[in-house]
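*Asks:*
Residue numbers (full-length UniProt numbering): 1 to 187.
1) What are the partner residues of residue 56, as DSSP defines its beta bridges?
2) Here's a check: name, in chain order, each residue in its chain whose Cβ is nearer than 8 Å to the Cβ of residue 3, leaving out the five neighbours to either side.
3) Express the C-alpha separation of residue 116 and residue 110 in angstroms, rounding to a whole number.
4) Buried or exposed: which applies to residue 58, given that a residue is buried once 16 or more other Cβ atoms fall within 10 Å of its Cβ?
5) To the nearest angstrom, report how far apart residue 157 and residue 124 are at their CA atoms.
6) Could you check the C-alpha separation between residue 143 and residue 18 for me, to the nearest Å?
7) For residue 90, count neighbouring C-beta atoms within 10 Å of its own C-beta (all shown protein chains included) and say buried if the count is 16 or more, exposed if not.
8) What span of residues does the beta strand (DSSP E) with residue 127 cover, start to end?
9) Indicate the three-state DSSP secondary structure (helix, strand or coil) for residue 31 in the structure shown.
10) Rounding to the nearest angstrom, what Cα-Cα distance links residue 65 and residue 39 in this structure?
11) Cα-Cα, which of 105, 93, 44, 56 is closest to residue 83?
12) Identify whether residue 133 lies in helix, strand or coil by the three-state DSSP scheme.
13) According to DSSP, is residue 95 helix, strand or coil?
14) Look at the alpha carbon of residue 54 and the alpha carbon of residue 76, and state the distance between them as a whole number of angstroms.
15) Residues in the same chain with beta-carbon distance under 8 Å from residue 8, minus the five sequence neighbours each way, listed in chain order, please.
16) How would you write the range of the alpha helix (DSSP H) that residue 87 sits in, first residue to last?
17) If you count every other CB in all the chains shown that lies within 10 Å of the CB of residue 74, and 16 or more means buried, which is it?
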């Protein structure tokens, strides 16, 4: 139904593929159902959605490598079953946030670059995204390596693009440049 209304892409971040960790962080609402969330990209593929985005919140579980591996396995499974869809993968690292959640595992910048390059080799045709969670310095240097989608001037509070409620911010973006500044850095 949403596809007929113009929906052409959905980004669904599993956040972690470790079920017990997922349950600790999702206590209410539809999102608390681990398997509902896990199977959402499959439902999107069956619905013929053009672009499906995946990712894990790196550092939420105690083994970021397993989460990244599971994103790769999930991607390959989806590509095999829904070859007509396009895919994107994002690499958001857990940053200081509301609620004081600290990373259970740390992925440093070198490891992030290695992971991004591994995904580029695994699936050369997909879109790889790098968010404003990363510093401007880091983003400007990593984008030419393998990234083909970046965000700019992101809002992290619910409804942040419609209403200005900074007190609801979930975390502070590290790269707060306006779109014009990010575009200038890309040229």
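Beta carbons: idealized from backbone N, C-alpha and C, even for Gly.
*Replies:* With the given structure in hand:
1) Within the chain shown, residue 56 is the residue found at index 56, counting from 1. DSSP, once it has assigned bridges, lists 15 as partnering residue 56.
2) Mapped onto the chain shown, residue 3 falls at position 3. Here the set comprises 47, 48, 49.
3) Here the question's residue 110 lines up with position 110 in the chain shown. Here the question's residue 116 lines up with position 116 in the chain shown. The alpha-carbon atoms of residue 110 and residue 116 are separated by roughly 10 Å.
4) By one-based count along the chain shown, residue 58 stands at place 58. Burial is judged here by how many other beta carbons sit within 10 angstroms of a residue's own beta carbon; residue 58 has at least 16 and is buried.
5) Translated into the one-based positions of the chain shown, residue 157 becomes position 157. Translated into the one-based positions of the chain shown, residue 124 becomes position 124. With a pLDDT of only 46 at residue 157, under 50, the local geometry of the prediction cannot be trusted, and no value is derived from it.
6) Here residue 143 is taken as the residue at index 143 of the chain shown, counted from 1. Here residue 18 is taken as the residue at index 18 of the chain shown, counted from 1. Going by the C-alpha atoms only, they are around 29 Å apart.
7) Position 90 of the chain shown holds residue 90. Under the 10 Å beta carbon count, residue 90 is surrounded by 16 or more other beta carbons and is classified as buried.
8) Within the chain shown, numbered from 1, the residue matching residue 127 stands at position 127. Note, residue 127: beta strand (DSSP E), 127-130.
9) In the chain shown, counting from the first residue as 1, residue 31 sits at position 31. Note: residue 31 maps to helix in three-state DSSP.
10) Stepping through the chain shown from its first residue, residue 65 is reached at position 65. Stepping through the chain shown from its first residue, residue 39 is reached at position 39. Spanning the alpha carbons of residue 65 and residue 39 requires a straight line of approximately 21 Å.
11) By one-based count along the chain shown, residue 83 stands at place 83. Residue nearest to residue 83 within the set 105, 93, 44, 56 is 44 (criterion: CA-CA distance).
12) The residue labelled residue 133 in the question sits at position 133 within the chain shown. Coil at residue 133, not helix or strand.
13) Indexing the chain shown from 1 puts residue 95 at position 95. Three-state result, residue 95: coil.
14) Against the chain shown, residue 54 aligns to sequence position 54. Against the chain shown, residue 76 aligns to sequence position 76. Computed Cα separation, rounded: 11 Å.
15) Sequence index remark: in the chain shown, residue 8 carries index 8 (1-based). Taking C-beta separations shorter than 8 Å and ignoring five residues to either side along the sequence, the partners of residue 8 in its chain run 49, 50, 51, following chain order.
16) As a first step, residue 87 is located in the chain shown; it is residue number 87 there, counting from the start. No alpha helix (DSSP H) contains residue 87, which is instead part of the beta strand (DSSP E) from 86-90.
17) Translated into the one-based positions of the chain shown, residue 74 becomes position 74. Around the beta-carbon of residue 74, 16 or more other beta-carbon atoms lie within 10 Å, marking it buried.
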